[in-house]
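Colleague: My questions will all concern the structure given below.
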Amino acid sequence: MSSTPERKTFDLVIAANRLPVDQVVTDSGEAEWRRSPGGLVTAMDSVMRDQPGAWVGWAGEPGEPPARFDQGGVHLVPVGLSEDEVHLYYEGFSNGTLWPIYHDVIVAAAFHRDWWAAYQRVNLRFAQAVADVAAPGARVWVQDYQLQLAPAYVRALRPDVRIGWFNHIPFPPVELFAQLPWRGQLLDGLLGADFLGFQRQADAQNFVRACRQLIHAETRGGTVAVHDGSGRRVRAAAIPISIDFKGLEALARQPSVTARVAEIRESLGNPKVLMLGVDRLDYTKGIRHRLKAYQELLAEGQLGPPDVTLVQVATPSRERVAAYRQLREDVEQRVGRINGDLGVMGFPAVHYLHHSYPREEMAALFRAADIMLVTPLRDGMNLVAKEYVTCRFDLGGALVLSEFTGAWHELHQAFACNPHDIEGLKQTILRAINTPAPDKRRIMRALRRRVADHDVQRWASRFLAALDAAPARAEGGP
Ligand code: GDG
């Protein structure tokens with residue numbers, strides 16, 4: 002008779018599309034897991050310090066999932082995705098259907114029934130893995146748009162647990178959400194949760210309105226009544242995400258970073274004004290609009306190298322999705338044209354970097370930049386804006402920030418722009434350059450205060466407190 006080891010269960014279970022680790026091959030040729038440093042990982046560190054937790058997610062490679070393992074105090078539970086499922090569930094339904102619909106249909110959304118079938122199947126697999134590791138009465142925290150059906154699936158399997166879900170991206174207005182052929186199922190999936198967290202109040206309101214109009218749910222304030230005979234009400238509210246202010250500021254203050262700041266400016270020819278953009282290469286980020294505004298400012302002679310230069314870091318992203326390949330072509334063509342038409346020998350007008358950099362290098366770039374351009378057409382939050390002000394402990398620099406980011410709702414003092422208004426964007430960039438230093442310092446101080454007081458640790462504890470306080474079963478029914 003074989004004895005199976007007792008399965009470990011946990012009082013806190015996170016489910017996210019990706020595990021917080023990447024497999025890397027070391028110099029000696031061995032494969033090992035390294036933690037991928039991200040905001041969510043840092044936030045979870047703070048909540049898992051006092052209680053051990055499990056993290057359910059895809060390990061990043063198609064095929065059979067590796068066995069569960071412990072790392073950095075977290076129990077990691079890999080969920081397997083086949084090559085086909087990566088294509089259908091992740092690149093397809095998540096990034097070809099939901100992402101465009103949730104970001105104002107900046108590119109057209111595609112609807113395919115086989116994508117939807119895979120999305121259902123994968124969500125169920127995640128839910129089964131969660132149900133397997135959750136202790137009785139555990140708190141389950143599901144992350145993001147890839148897992149909107151998981152809350153209801155988990156509830157069906159484990160009615161004893163408390164379920165929260167957080168949306169990292171916007172929740173669209175009902176007119177756009179209504180396009181989804183599976184809108185009712187998606188809402189029912191989310192209503193499996195006890196508490197739903199969003200980046201902005203408008204996102205929570207959009208969700209509640211969609212429930213009222215599309216599935217005729219009774220709604221009151223920020224709550225939705227569930228029609229399953231339980232009398233359950235689900236609460237939706239804004240709990241904006243943030244970053245690890247203390248950790249990032251400490252990194253930015255390191256002497257090696259300080260040395261690198263000088264090196265970066267030197268290598269760019271010590272421009273008077275160094276402008277910076279840092280984005281995943283995504284059509285939501287407004288990179289084309291930013292380049293157009295910059296190009297016009299140069300063409301009009303308002304700005305020009307060698308006095309001014311723009312560094313654009315465009316981190317590779319979703320390269321197997323057609324709209325992303327097209328975006329890369331457009332951006333690279335425009336960069337080529339700007340440099341060809343408007344560059345000066347030895348002083349390119351745009352330094353375009355299609356790479357990913359270590360965190361230290363990002364911190365040095367933020368410290369080196371006089372003007373930070375954050376110009377998304379739509380963005381759930383935009384952590385880059387918060388990271389920039391966190392690194393500016395010298396109170397230098399200026400943040401140009403799109404009104405269509407979640408971050409703008411917290412960072413009102415920034416130089417606000419509407420990226421669709423190219424003329425307005427140009428004027429805002431000039432204003433950010435020309436505002437006197439004492440005024441900019443005052444602005445930067447206010448921006449930093451906001452992020453320092455609302456860091457990612459506070460976000461995580463606020464979310465879990467809201468989950469604990471969510472209406473209990475059969476309470477407050479109609
Ligand atoms: C989604 C939502 C929401 C970028 N390049 C490098 C690098 N990064 C880091 C940034 C930042 C993160 O990646 C990007 O976060 P964002 O918030 O800007 O954007 P999304 O990736 O679209 O994130 C967004 C977020 O979820 C959280 O809820 O804010 O609205 O779309 O941290 O610094 N980091 C390093 N090297 C790079 O080259 N090390």
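Numbering-wise (my numbering), the sequence shown opens with residue 2 and increments by one. All C-beta atoms, glycine included, are put in the ideal place defined by N, C-alpha and C.
Would you verify that the beta carbon of Asn419 is, or is not, closer than 8 Å to some beta carbon of chain C?
Modeller: Going by chain labels, chain C is absent from the structure shown, which holds only one protein chain.
Colleague: Please name the residue in His88, Leu468, Ala294 and Glu388 whose C-alpha comes closest to that of His455.
Modeller: In the sequence shown, the residue the question calls residue 455 occupies position 454. Out of His88, Leu468, Ala294 and Glu388, Glu388 has the C-alpha closest to the C-alpha of His455.
Colleague: Just to confirm, are Phe112 and Pro182 a CB contact at a threshold of 8 Å?
Modeller: Reading the sequence shown from its first residue, position 111 is the one you call residue 112. Reading the sequence shown from its first residue, position 181 is the one you call residue 182. In contact: Phe112 and Pro182 (Cβ atoms closer than 8 Å).
Colleague: Could you give the DSSP three-state label for Lys9: helix, strand or coil?
Modeller: Along the sequence shown, read from residue 1 onward, the residue named residue 9 stands at position 8. Three-state DSSP puts Lys9 in coil, outside helix and strand.
Colleague: Go ahead and label Ala55 buried or exposed: buried means 16 or more other beta carbons lie within 10 angstroms of its beta carbon, across all protein chains shown.
Modeller: As a working note, residue 55 is residue 54 in the sequence shown. It counts as buried.
Colleague: When every heavy atom of ligand 2 is checked, does at least one fall within less than 7 Å of the C-beta of Asn124?
Modeller: This structure lacks ligand 2; its bound ligands are ligand 1.
Colleague: Can at least three beta-carbon pairs, one atom from the region 426–437 and one from the region 393–409, be found at a separation below 8 Å?
Modeller: Short answer: they touch.
Colleague: Within 7 Å: the Cβ of Ser357 and any heavy atom of ligand 1?
Modeller: Stepping through the sequence shown from its first residue, residue 357 is reached at position 356. Yes, since a heavy atom of ligand 1 falls inside the 7 Å radius drawn around the Cβ of Ser357.
Colleague: Could you check the C-alpha separation between Trp460 and Phe246 for me, to the nearest Å?
Modeller: Here residue 460 refers to the residue found at position 459 of the sequence shown. Here residue 246 refers to the residue found at position 245 of the sequence shown. In a straight line, the C-alpha of Trp460 is about 12 Å away from that of Phe246.
Colleague: Using beta-carbon positions only, say whether Pro63 and Leu82 come within less than 8 Å of one another.
Modeller: As a position in the sequence shown, residue 63 is number 62, starting the count at 1. As a position in the sequence shown, residue 82 is number 81, starting the count at 1. Yes, they are a contact pair.
Colleague: Taking the C-alpha atoms as reference points, what is the distance between Arg140 and Asn124?
Modeller: As a position in the sequence shown, residue 140 is number 139, starting the count at 1. As a position in the sequence shown, residue 124 is number 123, starting the count at 1. Approximately 18 Å between the Cα atoms of the pair.
Colleague: Just tell me which of Val48, Val25 and Pro472 has its CA closest to the CA of Ser37.
Modeller: Position 36 of the sequence shown holds residue 37. Answer by Cα proximity: Val25.
Colleague: Leaving out five residues on either side along the sequence, give the residues of the same chain with a beta carbon under 7 Å from the beta carbon of Thr98.
Modeller: Along the sequence shown, one-based indexing puts residue 98 at 97. So the qualifying residues of the chain are Ala110, Ala111, Phe112 and Trp116.
Colleague: Closer than 7 Å to a non-hydrogen atom of ligand 1 - does that hold for the CB of Ile164?
Modeller: Position 163 of the sequence shown, counting from 1, holds the residue named residue 164. No, the beta carbon of Ile164 sits no closer than 7 Å to any heavy atom of ligand 1.
Colleague: Measure from the alpha carbon of Ile265 to the alpha carbon of each residue in Leu215, Met363 and Pro79, then state which is nearest.
Modeller: Residue 265 sits at position 264 when you count from the first residue of the sequence shown. Ranking the options by Cα distance to Ile265, first place goes to Met363.
Colleague: Express the C-alpha separation of Arg69 and Pro53 in angstroms, rounding to a whole number.
Modeller: Numbered from 1 along the sequence shown, position 52 holds the residue referred to as residue 53. Numbered from 1 along the sequence shown, position 68 holds the residue referred to as residue 69. C-alpha separation (whole angstroms): 15 Å.
Colleague: Can you pull the DSSP bridge partners for Leu414?
Modeller: As a position in the sequence shown, residue 414 is number 413, starting the count at 1. The sequence shown places Gln at residue 414, rather than the Leu named in the question. Per DSSP, none; premise fails for Gln414.
Colleague: Would you list the residues sitting across from Ala32 in a DSSP beta bridge?
Modeller: Reading the sequence shown from its first residue, position 31 is the one you call residue 32. Note: Ala32 sits in a beta bridge opposite Val26.
Colleague: Would you say Leu384 touches ligand 1, meaning its beta carbon is less than 7 Å from a heavy atom?
Modeller: Translated into positions along the sequence shown, residue 384 becomes position 383. True, at least one ligand heavy atom lies under 7 Å from that Cβ.
Colleague: Please classify Ala350: is it buried, with 16 or more other beta-carbons within 10 angstroms of its beta-carbon, or exposed?
Modeller: By one-based count along the sequence shown, residue 350 stands at place 349. By the 10 Å Cβ count, Ala350 comes out buried.
Colleague: State buried or exposed for Leu431, treating a residue as buried only when at least 16 other CB atoms are found within 10 Å of its CB.
Modeller: Taking the first residue of the sequence shown as 1, we reach residue 431 at position 430. The residue is exposed, with fewer than 16 neighbouring Cβ atoms inside 10 Å.
Colleague: Exposed or buried, which one is Lys273 when buried takes at least 16 other CB atoms within 10 Å?
Modeller: Taking the sequence shown and counting its residues from 1, one reaches residue 273 at position 272. Exposed, because fewer than 16 other Cβ atoms sit within 10 Å of the Cβ of Lys273.
Colleague: Under 8 Å, do Leu448 and Val375 count as touching if we go by C-beta distance?
Modeller: To locate residue 448, count along the sequence shown from 1; it is residue 447. To locate residue 375, count along the sequence shown from 1; it is residue 374. Contact flag unset, no.
Colleague: Under the criterion of a Cβ to heavy atom distance below 7 Å, does Ile15 qualify as lining ligand 1?
Modeller: Position 14 of the sequence shown, counted from the first residue, corresponds to residue 15. Answer for Ile15: no, Cβ out of range of ligand 1.
Colleague: In the DSSP assignment, the beta strand (DSSP E) including Pro79 goes from what residue to what residue?
Modeller: By 1-based counting over the sequence shown, the position of residue 79 is 78. Taken as a continuous stretch (DSSP letters only), the beta strand (DSSP E) holding Pro79 covers Val75 to Val80.
Colleague: Would you check whether ligand 1 has a heavy atom nearer than 7 Å to the C-beta of Val452?
Modeller: By 1-based counting over the sequence shown, the position of residue 452 is 451. False, no ligand heavy atom lies under 7 Å from that Cβ.
Colleague: DSSP three-state label for Leu197, please.
Modeller: Here residue 197 is taken as the residue at index 196 of the sequence shown, counted from 1. Three-state result, Leu197: strand.
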